[in-house]
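Written below as structure tokens is the structure these notes are about.
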Amino acid sequence: MTLYPQQEPGPAGRQSQGAETEIDLNTLWRGVRRHLAWILLTAAVLALGAYLWSRTQPPVYEASSSLIAANGQGQDGPFGNALVKAPPLPEGAVAQAMQSTLVIVPLIQALQGDETIPQAERTRLAQALSRELREQRLRTITLTSQLDLSGNGIYTLRARARSAQAAQRLANLASAALLNWDRSRALENIRRAQAGFQAQLAQIDQQLRQGNLPAVERQTLIARRATVQENLAQVGILENSATGVLSLLSNAVEPSRPVAPKPLRNAVLAALLGLLLATGVVALLTILDRTVRSEDDLLALNAPTLAVIPRLRQRDIVFSGIVRAARQAGLYEAIGFLRVNLMTAFGNKPHPVVMITSTAPGEGKSSLTATLADGFASSGQRVLIIDADLRRGTQAAVWKKYDEGGQWHQLTGQGGARTTREALANPQNVQVLQVEDNVDMLPAGPGVQDSLAIFNQADIETALRLWRQNYDIVLMDSAPLLALADGLVLGGHADAVLMVTEYGRTNVQSVRSALRRAERAGLNLIGFVINKSDVREGSSYGYSYSYAPRAGGVKV
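Residue numbering for the sequence shown is 1 to 556, as defined by UniProt numbering.
Encoded structure:
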């Protein structure tokens with residue numbers, strides 16, 4: 001195994017360098033895997049919602065009709081001038097006409113008079129077309145085209161309705177409305193010519209009504225009138241032969257099945273969208289996450305990670321207590337890493353004193369202290385636990401849950417103090433509680449507000465020198481560094497300080513702030529412990545938890 005040498009903390013400014021850890025693919029994958037259940041649940045909920053919503057929607061049928069565009073110039077063909085053709089259609093003219101009142105209003109009128117479509121569907125379609133005309137965004141009827149550079153090609157009209165027959169009729173009516181609009185362009189010039197000839201005829205009639213006209217002039221007007229009447233008649237004949245650029249290619253056919261809704265397709269699309277959105281959110285949260293989750297998060301702080309401790313199940317803690325739950329959960333490997341790393345850092349120093357602290361309450365420093373003491377005791381070493389968190393001491397509660405049969409015995413002198421507060425005032429006469437074999441504990445006692453004053457007035461150096469003589473190691477459970485200044489005073493008398501961080505909760509910036517305080521106070525911080533980790537994320541220590549003894553003998 002790799003042992004971490006003790007590193008001397010650098011200046012606070014240097015600690016802040018490299019604070020922004022780069023997010024690599026492995027980090028993103030761990031974040032996605034950590035929230036994989038939430039991602040899949042989001043996708044499943046969206047898929048189910050889309051499926052159920054689609055099943056409640058009415059069916060939609062689609063029918064299409066086709067028009068052909070012959071955008072040629074002139075009146076070529078065997079009929080010569082017998083046909084009057086509309087001028088060529090510029091690009092986009094048909095699409096613009098489809099969204100104008102010249103096409104949609106006649107279409108709505110024709111639709112409302114079509115008795116083959118049920119009244120309710122006619123009303124709905126008419127209202128939809130009117131609304132889409134106002135919005136200038138047609139959805140009930142759509143137009144697509146396949147044209148060459150000259151504007152010749154095919155226009156396809158697609159109509160949607162809630163019945164197959166209504167879709168077919170709507171498509172045909174839309175084609176008829178578009179053809180009528182196109183033919184009206186050819187009639188426009190004819191009607192102008194009719195208006196001109198009729199104006200000439202009215203003028204001639206007015207002149208003929210004058211009684212004093214010479215005979216020759218009257219005969220001339222009569223001849224002109226006959227010519228104008230002949231031209232007017234020819235224009236009337238041409239009105240019936242007017243044609244547009246567009247002509248019908250195929251009528252709509254009644255569809256056999258609806259095109260929407262499609263529940264399965266919508267569910268699959270919703271699931272894919274949910275996966276993408278949820279994965280994106282998780283990736284963003286992972287990038288923005290500045291909590292401690294691995295050793296890599298603490299590398300820039302110039303202190304090693306001595307151990308990664310897995311999270312205990314809350315049920316086991318409630319029923320068995322922290323110490324017994326840790327034993328049953330098999331935390332010996334993780335505690336073994338921590339214990340060996342601590343002993344290596346101390347070298348041959350006798351009776352070392354280690355202060356265990358954290359950045360904030362609730363990160364598990366007290367439970368780690370108890371579990372670490374149990375680990376030292378299991379290897380035959382005598383341990384003294386000093387609960388130095390005078391405001392919220394918890395060691396008594398931790399060990400009470402584990403063993404109710406503890407016995408008080410003399411640590412120094414005769415009789416005397418049974419709490420840390422009293423013992424600091426009279427370190428020569430102290431009793432400690434034996435909580436298990438090789439483990440003695442000095443409880444904090446009732447919580448006090450002036451804890452810092454107690455530490456400032458006490459002779460901590462003398463007390464520790466007296467108390468450590470009969471133990472292989474002394475563990476002091478101190479208040480969090482960012483909550484109180486107690487740990488800064490107490491840590492100056494310890495041989496080493498161990499900082500506990502909670503997986504997924506302790507912010508890296510909070511750890512950096514605690515380190516700056518510890519550096520200014522001259523504390524010897526030897527490393528971190530990542531507590532309550534999720535071993536499913538593939539911690540570097542995770543392999544050891546599954547390395548259990550083989551049952552039924554050993555294969556060679």
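Cβ coordinates follow ideal geometry from the N, Cα and C atoms, glycine included.
The model shown is predicted, which means the values in this text are computed figures rather than measured ones.
- In the three-state reduction of the DSSP assignment, Tyr-155 falls in the strand class, which pools E and B.
- Between Val-323 and Arg-391, the gap from beta carbon to beta carbon reaches 8 Å or more.
- Annotation for Glu-461: His-493 place their beta carbon closer than 7 Å to its own, counting only its chain and skipping 5 residues before and after.
- Asp-289 is the residue among Ala-202, Asp-289, Ala-161 whose C-alpha sits nearest the C-alpha of Gln-509.
- DSSP, reduced to helix, strand and coil, places Val-60 within a strand of the structure shown.
- In the DSSP assignment, Glu-436 forms a beta bridge with Val-439.
- Spatial neighbours of Asn-251 in its own chain (CB-CB distance under 7 Å, excluding positions within 5 residues in sequence) are listed in chain order as Ser-65, Asn-172.
- For Glu-502, the enclosing beta strand (DSSP E) begins and ends at 496-502.
- Non-local beta-carbon contacts of Pro-255 in its own chain, meaning distances under 8 Å to residues more than five positions away in sequence, involve Tyr-61, Glu-62, Ala-63, Ala-164, Ala-167, Gln-168 in chain order.
- Here Gly-527 is bridged, per DSSP, to Leu-498.
- Here Ala-388 is near Asp-477, since their CB atoms are less than 8 Å apart.
- For Thr-412, the three-state secondary structure derived from DSSP is strand.
- Here DSSP, grouped into helix, strand and coil, assigns Gln-431 to strand.
- Excluding five sequence positions before and after Gly-375, the CB atoms of its chain that fall closer than 6 Å to its own CB belong to Ile-335, Arg-339, given in chain order.
- Note: Thr-144 is bridge-paired with Thr-156 in the DSSP secondary-structure output.
- DSSP places Ile-473 inside the beta strand (DSSP E), whose first and last residues are 473-477.
- Sequence-distant Cβ neighbours of Glu-217 in its own chain, meaning closer than 6 Å and more than five residues away, do not exist here.
- Between Arg-293 and Tyr-503, the C-beta gap is smaller than 8 Å, which places the two residues in contact.
- When beta bridges are read from the DSSP output, Leu-67 appears opposite Tyr-155, Leu-248.
- No residue range can be given for Leu-299, since it is assigned to no alpha helix (DSSP H) and is classified by DSSP as neither H nor E.
- Between Leu-442 and Val-432, the gap from beta carbon to beta carbon is short of 8 Å.
- Only residues of its own chain outside the window of five on either side were considered, and among them Ala-267, Val-268, Ala-270, Ala-271, Gly-274 have a CB closer than 8 Å to the CB of Ala-47, listed in chain order.
- Ala-37 sits exposed, since fewer than 16 C-beta atoms from the chains shown fall within 10 Å of its C-beta.
- By the Cβ neighbour-count rule, Leu-306 is buried, with 16 or more other Cβ atoms within 10 Å of its own.
- In this structure, DSSP gives Ser-513 a helical state, which the three-state scheme calls helix.
- Assigned with DSSP and collapsed to three states, Ile-104 falls in helix.
- With respect to the C-alpha of Val-398, the residue from Ala-373, Thr-412, Gln-381, Gly-416 having the closest C-alpha is Ala-373.
- Excluding the 5 residues flanking it on each side, Asn-507 has same chain C-beta neighbours closer than 6 Å at Arg-290, Thr-291, in chain order.
- Pairing Leu-28 with Ala-283, the inter-Cα distance amounts to about 6 Å.
- Annotation: the continuous alpha helix (DSSP H) that includes Ser-366 extends over 365-378.
- The C-beta distance from Ile-141 to Ala-97 rounds to 12 Å, too long to fall under 8 Å, and the pair is not in contact.
- Pro-263: member of the alpha helix (DSSP H) spanning 263-288, first to last residue.
- Between Leu-125 and Leu-111, the C-beta spacing is below 8 Å.
- Boundaries of the alpha helix (DSSP H) around Thr-420: 420-425.
- The three-state reading of DSSP puts Leu-232 in helix, counting H, G and I together.
- Pairing Ser-100 with Val-45, the inter-Cα distance amounts to about 43 Å.
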